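What follows is a short report on a single structure.
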DNA sequence: TCGGGTACTAACCTTCTGGTAAGTATGGTT
DNA sequence: AACCATACTTACCAGAAGGTTAGTACCCGA
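Chains as they are written, first to last, in the UniProt record's numbering: chain Y, 1 to 118; chain R, 1 to 118.
Here it is as structure tokens:
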């Protein structure tokens, strides 16, 4: 496995939560899936400018293992796979909301730019 | 610098918030300082079983740069330095609370152990 | 038949993160 | 004189994280 699942032992809840959110694109994937409900692999790739296919799959697989993401395969040609959030994924996203607000405030304060879709 | 300050550009608020919380001990430091109000270097070291002095200082310096932590030096011998949270640090900690609750729930669900003080 | 789109997998390589162990300056204690 | 504590700093190293490039199998439209 590229990233070993840790699954504890943990110091505290934040530690446990960070364990599943850490990864360059995970919070963005969470947000995309929450926003669109259901997304195909290529849609996610296009929605996250800069992800490599390798990282996208790796993160999706880990999030599936962690019970945050549901993966639905349609046995068709060309292949079709749909990703969506599980209940845990949705609640995690909800728990991340205040952090998102804090971050948005911070961006305003320090005057950082937001990334624009290249 | 060991860990370059990123300070954007960011995709979104969560991205910006994660940028300052990412680091093996940062959320724990935040929690310790929030809990005790003010802590000396050696107190923090003892409060976070397993941190190396190098990482502790590195994280504290980054958090100071990021405006989360205040560092008060007393010019005495032996040296005395007190760390505390800034307003931003306190509000970040508050924003992390729901995530902590989610993580605690998750620990219960998956039955992971909590780390015990070795 | 060539290129494009689907969803991946594999090999390789670089960068980043964190750990270990040692050293520094100062003074107090034994 | 040796040793402890304070708060660091420095050098070196291992492993994890992430990027790049290419390849797979299948079908469709030009």
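Note that CB positions come from ideal geometry on N, CA and C, so glycine has one too.
Fair warning: this is a prediction, and the values are worked out from it, not measured in the lab.
By alpha-carbon positions, which one of the options ends up nearest to residue i?
i	options	result
residue 10 (chain Y)	R:13, R:10, R:28 and R:63	R:28
residue 61 (chain Y)	Y:25, Y:49, Y:8 and Y:95	Y:25
Which residues in the same chain have their Cβ closer than 8 angstroms to the Cβ of residue i, if we skip the five residues on either side of it in sequence?
i	result
residue 68 (chain R)	20, 30, 85, 86, 88, 89 and 92
residue 34 (chain Y)	85, 89, 90 and 93
residue 7 (chain R)	19
Taking the alpha helix (DSSP H) that residue i belongs to, which residues open and close that run?
i	result
residue 80 (chain Y)	Here residue 80 (chain Y) belongs to no alpha helix (DSSP H); instead the beta strand (DSSP E) covers 80 to 85.
residue 171 (chain Y)	Nothing can be reported for residue 171 (chain Y): it is not among the residues displayed for chain Y, which extend from 1 to 118.
residue 45 (chain R)	41 to 47
residue 13 (chain Y)	13 to 21
Applying the criterion that 16 or more other CB atoms from any shown protein chain within 10 Å of the CB defines a buried residue, is residue i buried or exposed?
i	result
residue 17 (chain R)	buried
residue 95 (chain R)	buried
residue 107 (chain Y)	buried
residue 98 (chain R)	buried
residue 109 (chain R)	exposed
residue 111 (chain R)	exposed
residue 100 (chain Y)	buried
residue 15 (chain R)	buried
From what residue to what residue does the beta strand (DSSP E) around residue i run?
i	result
residue 65 (chain Y)	Note, residue 65 (chain Y): premise wrong, no beta strand (DSSP E); alpha helix (DSSP H) at 53 to 65.
residue 76 (chain R)	Here residue 76 (chain R) belongs to no beta strand (DSSP E), and DSSP marks it neither H nor E.
Spatial neighbours of residue i within its chain, please: C-beta separation below 6 angstroms, excluding the five flanking residues on both sides.
i	result
residue 116 (chain Y)	No answer about residue 116 (chain Y) holds up, because its pLDDT of 48 lies below 50 and its placement is not dependable.
residue 102 (chain R)	none
residue 38 (chain Y)	82 and 84
residue 64 (chain Y)	71
So, using beta-carbon positions, are residue i and residue j closer together than 8 angstroms?
i	j	result
residue 83 (chain Y)	residue 75 (chain Y)	no
residue 41 (chain Y)	residue 81 (chain Y)	yes
residue 104 (chain R)	residue 13 (chain Y)	yes
residue 48 (chain Y)	residue 32 (chain Y)	yes
Among the residues of its own chain, which have a CB less than 7 angstroms from the CB of residue i, if the five just before and after it don't count?
i	result
residue 51 (chain R)	25 and 45
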